[in-house]
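Have a look at the structure below, then the notes.
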Amino acid sequence: MEPWTDIKAKLFADPVLSVKEDTVNYKGHPIHYRQGVSSTVDQVRGTLLFLHGQSFKSQTWHDLGTLHFMANAGYNAVAIDLPGYGKTESFSYGGQAPFLLGVKEALGLKDTPVIIISPSMSGGFSIPLLFSNPEAFKGYLPVAPVNTASHTHKEYSAVKIPTCIVYGENDKGLGVASFRDLSNIPNKQVHVLSGAGHAAYMNSPGEFHQILLNFSEKLFS
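Residue numbers (this note's numbering): 410 to 630.
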């Protein structure tokens with residue numbers, strides 16, 4: 410595979426690809442987001458919603474080249490700043506699952522099942538939604554998310570959402586713990602990224618993006 414740095418350089422230099430920034434309103438609060446755009450795509454193949462970990466923000470997915478990469482592949486790739494991160498101010502939003510569902514609706518995706526990519530801290534938002542509103546998901550791609558222990562293995566065994574579990578080989582904490590719980594989801598695939606740590610997508614970007622693309626193509630074929 411071509412080095413990710415080279416792939417990313419080509420994507421960033423491609424004049425048909427760009428990332429737009431905007432906000433949507435959630436109960437009177439502006440939620441900042443970034444969206445990958447390709448001027449040559451008339452109809453997107455599907456939508457991906459990117460969350461982020463505690464040390465990151467939507468800009469992480471921009472800087473990594475993810476939004477360009479998925480837009481280039483024909484997808485609507487949207488990354489949001491969760492409350493208190495990036496350009497979204499901190500505010501009292503109530504439950505995490507209702508917040509995520511409300512933002513999805515504010516983005517014009519109310520009745521659109523999406524693939525939700527959820528690393529680390531953002532599991533506090535995505536895991537509850539997995540159980541309260543499974544219809545919101547086309548698929549789920551967790552990367553060592555928190556909050557998996559809030560549900561039982563029996564509950565996970567009833568989840569029908571196609572799931573792509575990703576974690577780093579060297580993530581002996583959350584990576585292993587979250588996998589132990591999420592592995593009870595029947596319709597799953599598992600990818601352990603060699604030599605990667607907790608933020609596995611940062612350590613092994615080439616492998617991560619190929620996994621993401623393959624999962625998206627399978628679900629939106």
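Just so it is clear, CB atoms sit at the ideal spot from N, CA and C, and this is done for glycine as well.
Residue range of the beta strand (DSSP E) that includes residue i
{"i": "V487", "result": "485 to 489"}
{"i": "P528", "result": "523 to 528"}
{"i": "V575", "result": "572 to 577"}
{"i": "H600", "result": "597 to 602"}
Close-in-space but distant-in-sequence residues of the same chain around residue i (CB under 7 Å, 5 per side omitted)
{"i": "A482", "result": "L622"}
{"i": "G462", "result": "P528, S529, M530, S531, A608"}
{"i": "T521", "result": "T456"}
{"i": "S499", "result": "P492, G493"}
Chain-order list of residues whose beta-carbon lies under 8 Å from that of residue i (same chain, five-residue window excluded)
{"i": "D590", "result": "T557, A558, H560, H562, Y565"}
{"i": "K429", "result": "R443, Q444, V446"}
{"i": "F421", "result": "G474, H477"}
Best match in the options for proximity to residue i [C-alpha to C-alpha]
{"i": "V433", "options": "F508, V512, L602", "result": "V512"}
{"i": "T572", "options": "G582, Q468, N485, V552", "result": "V552"}
{"i": "F479", "options": "S501, R443, S499, G604", "result": "Note that residue 479 is Met in the sequence shown here, rather than Phe. When each option's Cα is compared against that of M479, the closest is R443."}
{"i": "M410", "options": "Q619, D520, F629, S625", "result": "Q619"}
{"i": "K597", "options": "G455, F629, K569", "result": "K569"}
{"i": "P412", "options": "S625, K547, S613", "result": "S613"}
{"i": "V425", "options": "K436, D415, I440, D451", "result": "D451"}
{"i": "V599", "options": "K581, I416, F588", "result": "F588"}
{"i": "V523", "options": "D431, N485, F508, F500", "result": "N485"}
{"i": "F624", "options": "V585, E578, L550, P595", "result": "L550"}
{"i": "G604", "options": "E578, S592, K419, A545", "result": "E578"}
{"i": "P439", "options": "G615, N542, Y502", "result": "Y502"}
{"i": "L491", "options": "F540, R454, H441, S448", "result": "H441"}
{"i": "S467", "options": "D431, K581, R454, T449", "result": "D431"}
{"i": "D580", "options": "G615, D423, G606", "result": "G606"}
Own chain residues within Cβ distance below 6 Å of residue i, not counting five before or after
{"i": "F459", "result": "W470, A488, I526"}
{"i": "F617", "result": "Y610"}
Element boundaries [alpha helix (DSSP H), containing residue i]
{"i": "H438", "result": "Counting along the chain, H438 falls outside any alpha helix (DSSP H), though it belongs to the beta strand (DSSP E) covering 438 to 447."}
{"i": "D423", "result": "From DSSP, D423 is part of no alpha helix (DSSP H); its letter is neither H nor E."}
For residue j and residue i, believed in contact at Cβ under 8 Å, the rounded distance
{"i": "K519", "j": "L628", "result": "That pair is no contact at about 19 Å."}
{"i": "L510", "j": "V555", "result": "The pair is not a contact, with the Cβ atoms about 19 Å apart (cut-off 8 Å)."}
{"i": "Y435", "j": "A506", "result": "Not really, about 13 Å apart at Cβ, beyond 8 Å."}
{"i": "V575", "j": "L602", "result": "7 Å"}
Cβ-heavy atom distance, residue i to the ligand FAD, below 7 Å
{"i": "P543", "result": "As presented, the structure is devoid of all ligands, the ligand FAD included, so that no description of it is given."}
Margin query: Three or more C-beta pairs under 8 Å: does that hold for the region 562 to 579 against the region 482 to 501?
Written below: no
Next item on the list: Spell out a yes or no on whether the region 470 to 477 and the region 528 to 541 are touching, meaning 3 or more CB-CB pairs, one atom from each, closer than 8 Å.
Entry: no
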